[in-house]
Amino acid sequence: MPHWDCEFPANLRHTQKRSDISDETKNKLLYDNAKALYAI
18 MPHWDCEFPA NLRHTQKRSD ISDETKNKLL YDNAKALYAI
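Residue numbering for the sequence shown follows the numbering used here, starting at 18 and increasing by one per position.
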């Protein structure tokens with residue numbers, strides 16, 4: 018269940034624009050971890 022204060026999808030765009038996080042880490046945070054969790 019989403020948090021009541023979630024700012025989706027703006028929070029994804031904010032994370033994607035961050036320059037202090039490598040592209041590899043962004044992919045893990047935004048895609049790969051969920052894929053692994055749900056085995057998809």
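We treat Cβ as the ideally placed atom computed from N, Cα and C, and that holds for glycine.
In the DSSP annotation of this structure, D49 is not part of any alpha helix (DSSP H), being labelled neither H nor E. In this structure, K45 keeps its C-beta atom at 8 Å or more from the C-beta atom of T32.
Membership of H31 in the alpha helix (DSSP H) is indicated by the continuous run A27 to K34.
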